[in-house]
Amino acid sequence: MTGRRQHSIGRRLAVAGGVSVAVFAAVMAAIVLNFAHRASEEAYDRLLLASAQSMADAIRVDGSEITVDVPTSAFAMLAIDKDDRIFHRITEDPGLPITGYPDLAPDFAFAPGETVAFFDTDYAGARVRVAAARRLISAAGEPRRVAVLVAETVESRAALAAEIRAYALAPLAIACLAAIVMIPLSIKLVLRPVGAVERALAARDPSDLGPLATTEVPREIAPLVEALDHFVGRLRDTLERNRVFIADAAHQLRTPLAALRGLAEVAAAESDPAALSDQVERIRRNAVAASRITNQLLADATVSHRLQLGAREPVRLDRAAADAVNDALGFGGGRAIRFDVEDGAAGGLVAGDATALREAVRNLIENAFVHAPGEAAVDVTVAAVADDHLAVRVADRGPGIAAPDRERLFGRFERGAGAAEGGSGLGLAIVARVAAAHGGTARLDGRAGGGLVAEIVLPSAGREEEA
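First residue of the sequence shown: 1, per the UniProt record's numbering; consecutive thereafter.
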């Protein structure tokens, strides 16, 4: 195959696998990044809130004055990274300072009913995370609300998020790289059966057209192998038909051609006009016989090809029979053909090949001409028969065929004991094969008053209404 770009299944699978790995890696990376951020935020937020609540728990009331002795543990639990800075502010509603950095988030206010809050802001030139806790205390019999804000710079939580990302993304990257390496190897392994089929075909003898062994073929390519076997089987059948045709042609034509040559040589040496005329007539009869054999061999090959194609379409049987009658008129040498279509058969359809059906009927008519005596007419009738079937009957007034021989004569090159000169033994074989291919039958029967009735019976496929 040249001039056409060939696509590689392996390359397509590799690209699809690589894209799948990339999409998977991107999705997992997004999940990991989000998880790392949330995990570090939640971990440090818990510590930050614990520090704020520790300070809130240290609030005391001395008379009407609120005091706080901030415990060192509140700061110790946050001192994880040496670069982190910690700020705090404790105020009494509505914003009265108690201790800490009074300018830390001065605009912050709890939402109604809220006792704990987290938010981010900028303070002292750095980004900080703030945890706010609210406590209700009683001083001099009056309820008073105190807010505790603890802020921490975000370096530690950023470092923790980066560490989580590194621990999670490193195995993911290794797994993706391993998958990318394994994809081509896996594809090669998966496609190995296809290569095995290719090698099996390449190693075959040209004359070996048998089916491939399918026991080791994966289920996915089994239909391909079966289709290939079916195609090779059709090729085998075609080659066999060609071989049979060539052998039959060589065998069947050898005798009449040799006879023609001998008669021509005798005629060339004949000086008596009467004897010469007799030789010429014999040459003519042999030429007619050779022509009939040749035509039937070609008809047999044509029918075989048409039936192999398996084309099926609605065919009007009466029209196919009428076409066969017209084709056979030239063969009859002016003899009459009485053609009749019974009322129940007019417009009747069969599912099949019009060419093969016409050829079968024509062979029945020509057989009748060969075997019928003198100028006797041949009767061709299209009729409807029981069980939704149509029939074509060809009747003659010949010598007929004995009942024990009738079935045998549907074989190739089978001829009756009293067969007339000019028969080839192929006509009835063609008829039987066409009938069987159309789901019908062919049979021979005696005719009342003498002669033979040859009949093709086919399943009806409905009726074509006349316009």
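Note that the Cβ used here is the ideal one computed from N, Cα and C, for glycine as well. Quick caveat: nothing in here was measured; it's all calculated off a predicted structure.
Bridge-paired residues (DSSP) for residue i
i, result
"F118", "A131"
"S138", "P143"
"A384", "L390"
"I456", "V392, A442"
"F339", "V380"
"D405", "In DSSP, D405 forms no bridge with anything."
"L298", "L298 is not bridged to any residue."
"R316", "L349"
"L49", "Paired residues: none, contrary to the question."
"L96", "E92"
"T238", "Answer is none; T238 lacks a bridge partner."
"D62", "E65"
"V148", "I90, A133"
"T153", "V128"
"R306", "According to DSSP, R306 bridges with nothing at all."
Backbone CA spacing between residue i and residue j [nearest angstrom]
i, j, result
"L444", "V453", "6 Å"
"D84", "M77", "12 Å"
"M55", "A151", "13 Å"
"H389", "A442", "13 Å"
"V315", "V303", "16 Å"
"V266", "A287", "16 Å"
"V380", "A345", "13 Å"
"A437", "D405", "23 Å"
"L224", "G18", "27 Å"
"E216", "M182", "24 Å"
"A43", "S156", "11 Å"
"V394", "A383", "11 Å"
"L189", "V197", "14 Å"
"R285", "L276", "14 Å"
"A200", "L239", "21 Å"
"S207", "G347", "48 Å"
"V61", "P71", "16 Å"
"P218", "H7", "22 Å"
"R241", "A301", "8 Å"
"A147", "A25", "45 Å"
"V23", "R11", "18 Å"
"R127", "I9", "54 Å"
"P273", "E281", "12 Å"
"M28", "V21", "10 Å"
"A264", "R254", "15 Å"
"T294", "R204", "36 Å"
"S64", "T121", "33 Å"
"I66", "D57", "12 Å"
"P256", "E366", "19 Å"
"E270", "G262", "12 Å"
Residues near residue i in its chain [Cβ-Cβ closer than 7 Å; skip 5 each side]
i, result
"L136", "P143, R145"
"L49", "V116, A131, A133"
"M1", "Caution is warranted here: a pLDDT of 47 is assigned to M1, below 50, making its placement in the model unreliable, and no coordinate value can be reported."
"R236", "L209"
"A320", "A354, L357, R358, V361"
Contact set for residue i: own chain, Cβ-Cβ below 6 Å, skip 5 residues either direction
i, result
"H88", "G100, V150"
"A74", "S51, S54, M55"
"G462", "L349"
"R192", "none"
"A448", "none"
"E342", "A383"
"T153", "D84, R85, A126, V128"
Anticipated Cβ contact below 8 Å, residue i with residue j, distance rounded
i, j, result
"F410", "A391", "Not a contact, Cβ separation roughly 16 Å."
"L172", "V32", "7 Å"
"I86", "V68", "Not a contact, Cβ separation roughly 16 Å."
"A372", "G398", "4 Å"
"I187", "L13", "5 Å"
"R377", "I337", "The sequence as given places Ala at residue 377; Arg does not occur at that position. Correct: roughly 7 Å between the Cβ atoms."
"R292", "A324", "About 16 Å separates the two Cβ atoms, so there is no contact after all."
"G440", "L426", "Between L426 and G440 the Cβ distance is about 19 Å, and since that is not below 8 Å, they are no contact."
"I456", "A435", "5 Å"
"E375", "R408", "Their Cβ separation, rounded to whole angstroms, is 30 Å, which puts E375 and R408 out of contact at 8 Å."
"V244", "A360", "The pair is not a contact, with the Cβ atoms about 19 Å apart (cut-off 8 Å)."
"A368", "D396", "4 Å"
"I283", "L297", "Contact doesn't hold; Cβ gap of about 21 Å is too wide."
"F110", "D45", "Not quite, the Cβ-Cβ distance comes to about 17 Å (not below 8 Å), so this is no contact."
Residues of its chain near residue i, where Cβ-Cβ distance is below 8 Å and the 5 sequence neighbours each way are ignored
i, result
"P106", "G95"
"R433", "V303, S304, L307"
"F35", "I164, A168"
"D327", "R358, R362"
"P211", "D229, V232, G233"
"E114", "R134"
"S460", "G348, L349, V350, A384, D388, H389, L390"
Exercise. Assess, as a yes-or-no matter, whether the region 347-363 is touched by the region 294-311 under the definition of 3 or more beta carbon pairs within less than 8 Å.
Key: yes
Quiz item: Between the region 95-110 and the region 170-177, are three or more C-beta pairs nearer than 8 Å?
Solution: no
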